[in-house]
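The structure under discussion appears below in the form of structure tokens.
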Ligand SMILES: Nc1ncnc2c1ncn2[C@@H]1O[C@H](COP(=O)(O)OP(=O)(O)O)[C@@H](O)[C@H]1O
Ligand SMILES: [Mg+2]
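In our numbering, the protein residues as written are 256 to 493.
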């Protein structure tokens, strides 16, 4: 009976599971990647991979770039098996394997509010120059032992921004997110956006996505956040 801001337990659980999230996103008409989910290396069937190499291997139910490193991008079956084994041993859960999407950049979309939710200006994220994995994912978790260089491939044309905002709202509604969330996308060589995941507990840290979005909207960050929270209070009737 305690009113809570943000998404409920069902949405938090579903969005933590990247396979269920992908299935529901696809049903909602969003471009979701083909994936395979493996509990152990022996489960990898080379005649039934989710796509051509390179593939990307991540824990099925984690966030905040847990389990990610340059080795997450695999170029052949033996690298794939050893990365699946690493995820299985470290996190005691399935490894989710998808085609590695690159060419048109990486973008993240903040969504706020309800009935209807509103997608905010889209932000581009830097990718690491050599692996093309998002720089934020490699710098996370203390993996700073290298002096990473980064690039910003791809352009956020107005039509692409519209499409990303539309897809982000679609996933937000399908997964019944409430009040605030952030959806991640990658664009391939042909300019097609692919949905990666949605985070119903995004950081509000100064300098991070929501703060940058507020700045783009010419809003004082505290004032912007107060508005987001106020909408949540209204939804809850408190
Ligand atoms: N299929 C993919 N192709 C290319 N890069 C990917 C893919 N999936 C994830 N990544 C990279 O890894 C980062 C983290 O992956 P993501 O699915 O957002 O998980 P989380 O943020 O929960 O750790 C992404 O921001 C992106 O840079
Ligand atoms: Mg992410």
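Every residue, glycine too, gets a C-beta built ideally from N, C-alpha and C.
Contact test: residue 354 Cβ vs ligand 1 heavy atom, cutoff 7 Å: Taking the first residue of the chain shown as 1, we reach residue 354 at position 99. Yes, since a heavy atom of ligand 1 falls inside the 7 Å radius drawn around the Cβ of residue 354.
Start-to-end residues for the beta strand (DSSP E) that takes in residue 453: Counted from its first residue, the chain shown places residue 453 at position 198. Looking at the DSSP string, the run of the beta strand (DSSP E) that includes residue 453 is 448 to 454.
Name the DSSP beta bridge partners of residue 416, please? Residue mapping note: residue 416 aligns to position 161 of the chain shown, counting from 1. None; residue 416 has no bridge partner.
Please find out if some non-hydrogen atom of ligand 2 comes closer than 7 Å to the beta-carbon of residue 439. Residue numbering aside, residue 439 sits at position 184 when the chain shown is read from its first letter. Yes.
Could you check whether the Cβ of residue 269 sits closer than 7 Å to any heavy atom belonging to ligand 1? As a position in the chain shown, residue 269 is number 14, starting the count at 1. Within 7 Å of the C-beta of residue 269 there is not a single heavy atom belonging to ligand 1.
Do you know offhand how far residue 276's Cα is from residue 338's? Taking the chain shown and counting its residues from 1, one reaches residue 276 at position 21. Taking the chain shown and counting its residues from 1, one reaches residue 338 at position 83. A straight-line Cα-Cα distance of about 22 Å links residue 276 and residue 338.
Kindly provide the ranges of any alpha helix (DSSP H) runs that are 4 or more residues long and lie completely inside the stretch 422 to 476, ordered along the chain. The stretch 422 to 476 contains these whole alpha helix (DSSP H) runs: 464 to 471.
Look at the alpha carbon of residue 472 and the alpha carbon of residue 365, and state the distance between them as a whole number of angstroms. For this step, residue 472 is matched to residue 217 along the chain shown. For this step, residue 365 is matched to residue 110 along the chain shown. So the two alpha carbons sit approximately 12 Å from each other.
Would the beta-carbon of residue 224 fall within 8 Å of that of residue 362? Lying before the first or after the last residue shown, residue 224 is absent from the chain, which here runs from 256 to 493.
Residue 468 CB to nearest chain B CB: under 8 Å? Although the question refers to chain B, the structure presented lacks it and comprises just one protein chain.
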